[in-house]
Structures are given as structure tokens and as C-alpha cells.
Amino acid sequence: MLTAYDYPTGLIVDRAGMDLCLVGDSLGMVCLGYDSTTSVTMEDMIHHCSATSRGAQKAFLIGDLPFGAYQASTEQAIRNACRLMQEGNVESIKLEGGRVYKERISAMTGAGIPVMGHIGLTPQSQAALGGYRVQGKTASQAMHLLEDALALQDAGCWSIVLEAVPAPVAKAVTDRLSIPTIGIGAGQECSGQVLVMMDMLGIFDKFLPRFCKQYAQLSVEMARAVEQYGKEVTAGSFPGPEHCYPMPAKEEDAFHEALSQWDQRQV
Ligand SMILES: Nc1nc(=O)c2c([nH]1)NC[C@@H]1CN(c3ccc(C(=O)N[C@@H](CCC(=O)O)C(=O)O)cc3)CN21
Ligand SMILES: CC(C)C(=O)C(=O)O
Ligand SMILES: [Mg+2]
């Protein structure tokens, strides 16, 4: 699974044969330049989900419900999940939280909304968690994480993202679930893995979590290309003849003749 946020990145996900594509609310940081995901709205998510859906047609498309779109009530959660499916064209929604959301998620899955869970480091509650910290590092926290995972499975989630939890904890949770776990900073033993596309491509490099591997440094390459373009425009070597539209020789001659007559009439 990989994130994508728009049409061209959705196309790349399909071309590379990814099974799952997530339009994550991380787009707030990666595409919109916010310092956290808190400011992302339903309108932002719908805009990015529908664009991505036109690119990623083969991968199963999941959209994050943003902060504030499901916290208030079951009714609000169902209404916004339906909006993301109808207006954003996603096939499933994902939301952050454990046991506390069990009843709410049961109502959603009962209403025919496919729900992916997300526990461990839940970035939407970074203000409450005291920053982006590894979760489940103590035995008692790890047991709570297992209870959260089982509650989400009982509520009808088809899969759960485990973010930033120690590998042995993610393994123990995965072993005790019948639904797949998708890890990000959760070790090798999860059923699948997810990363943020712009992080693993080295396009977004404001920060690099320990769990991310850079498979390319594209921001370096992109800046190099843009700089080269600027130099060539300044030097006059771009555009070259191959980038210009010629005119039939006969028309060019007639044009210059008409131009010189026009220029004479101006004086
Ligand atoms: N570009 C991007 N990539 C992400 O993975 C991501 C987002 N944005 N936005 C939403 C959340 C926020 N995430 C984050 C953000 C920062 C760290 C981070 O700084 N981690 C440090 C400290 C860990 C600790 O102290 O426990 C690390 O070294 O991994 C981790 C996950 C994951 N998500
Ligand atoms: C990192 C993934 C799991 C996510 O929630 C996001 O991209 O918003
Ligand atoms: Mg997210």
C-alpha cells in the first residue's frame, strides 16, 4: 500500500502494481504545507480523493476521514464517510482510534461502509499524545493496543493500520487477528506495509521518520532540472528550434511584406 494525493501519483500507484492506494490526510503536510494534519477538511479530502481516483483505477482506493469529520457523533461519521465515498469516489474510508470508536465503527460497517482502522501513532491526536511518538513501548500499553485491535476487528474493520509500534507488538497483534494489518514503522511481521509516497521518493524531505526508507532523492533531481531550465532561458539556449512552430516559407515572406508596409504607415 502506498499513499497518493492526485491524478499523476494515482497513475504511478497503478503502473507499479500496488494493491492498495491511500489518500492520506498526510496530504495536509505533504501537499498543503501545514505543520500537522489537524487543518485538513472534508473538502480537501474530497478534492484529492476524486483526483486520485481518476489515476488509480486498479488499486483499491481508501480515503482518510480528516480530524473533526467523525469525532462528534455516529451520525456525523456516517454522513462524512458516505460523502467521501460518493463525492471522493473512494472504496473505503480509514479513521484513527481504538476501543472508544467501537460502537461508531459497528454502525458504519453495518450501514455498508468499508472501514479500515488505524491505531498506534495516530497523528490526528498528536496534540493529546504529546507529539509524534512511538506507541505501545510498555507491556501495559502493548496489551491496550491488542485490545484496541480486537475491538476494531469486532466492529467490522476489514484491515488495520499499525503506525509506529515496536515490531514484537505488531507481530503479536497480527498473529491474533483474522484481518490483515498494514504496518508503517511496525516491523516486518505485519500482513502488509504502507509508506507516504513523497517520503519514499525523497520529494518531501522536511523530516524523515525512522520508519521511512528513501528509494530515490527526487527533490534533488527536480531542483537540478528546474535550475538547468532557468540557466538555459537566461542564456537563450532554450527554446531551441525543435520547440518552435515554423510557418510555411511563402506565408512568412508575405507576412514580412505586409509588416513592412504596416510599419511605414505608422511614421
Ligand atoms: N510526510 C509525512 N509522512 C508521514 O509518515 C506522516 C505525515 N507526513 N503526516 C502525518 C503523519 C505524521 N507522521 C510522523 C511524523 C513525524 C515522525 C517523527 O518525527 N518521528 C521521529 C521520532 C519518533 C519518537 O520520538 O518516538 C522518528 O525518528 O521516527 C513520525 C511520524 C507520520 N505521518
Ligand atoms: C501514513 C498513513 C497510514 C496515513 O494515515 C496518511 O498518510 O495520512
Ligand atoms: Mg492519515
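Each residue of the sequence shown is one higher than the one before, counting from 6 in our numbering. C-beta: ideal position from N, C-alpha, C; glycine also.
- Query: Using a Cβ-Cβ cut-off of 6 Å (strictly less than) and excluding sequence neighbours within five positions of Y220, which residues of its own chain qualify?
  - Reply: M205
- Under 8 Å by Cβ, that's how I've got I189 and W163 pegged, so tell me the actual separation to the nearest angstrom. Not really, about 18 Å apart at Cβ, beyond 8 Å.
- Inter-stretch contact (C-beta, 8 Å, three-pair minimum) for the region 50–69 and the region 7–14: In the pairwise beta carbon analysis, the region 50–69 is classified as touching the region 7–14: at least three pairs are separated by under 8 Å.
- Message: Strictly by DSSP, which residues pair up with H123?
- Response: G102, V166
- Unbroken beta strand (DSSP E) run spanning C26, endpoints: Here the beta strand (DSSP E) through C26 covers 25–28.
- Item | Best match in D210, K99, A74 for proximity to G38 [C-alpha to C-alpha] | Answer by Cα proximity: D210.
- Message: Can you tell me whether Q62 is buried or exposed? The criterion is at least 16 other CB atoms within 10 Å of its CB, across all chains shown.
- Response: exposed
- Over what stretch of residues does the beta strand (DSSP E) that includes T186 continue unbroken? 186–189
- Does any heavy atom of ligand 2 sit closer than 7 Å to the C-beta of H123? yes
- For ligand 4, which residues have a Cβ under 7 Å from at least one heavy atom, in chain order? Among the ligands in the structure shown, ligand 4 does not appear; only ligand 1, ligand 2 and ligand 3 can be found there.
- Query: Which one of P171, T127, A228, V225 has the shortest CA to CA distance from T42?
  - Reply: T127
- Under the three-state DSSP convention, the category D11 falls into: coil
- Cα-Cα separation, L264 to Y250: 19 Å
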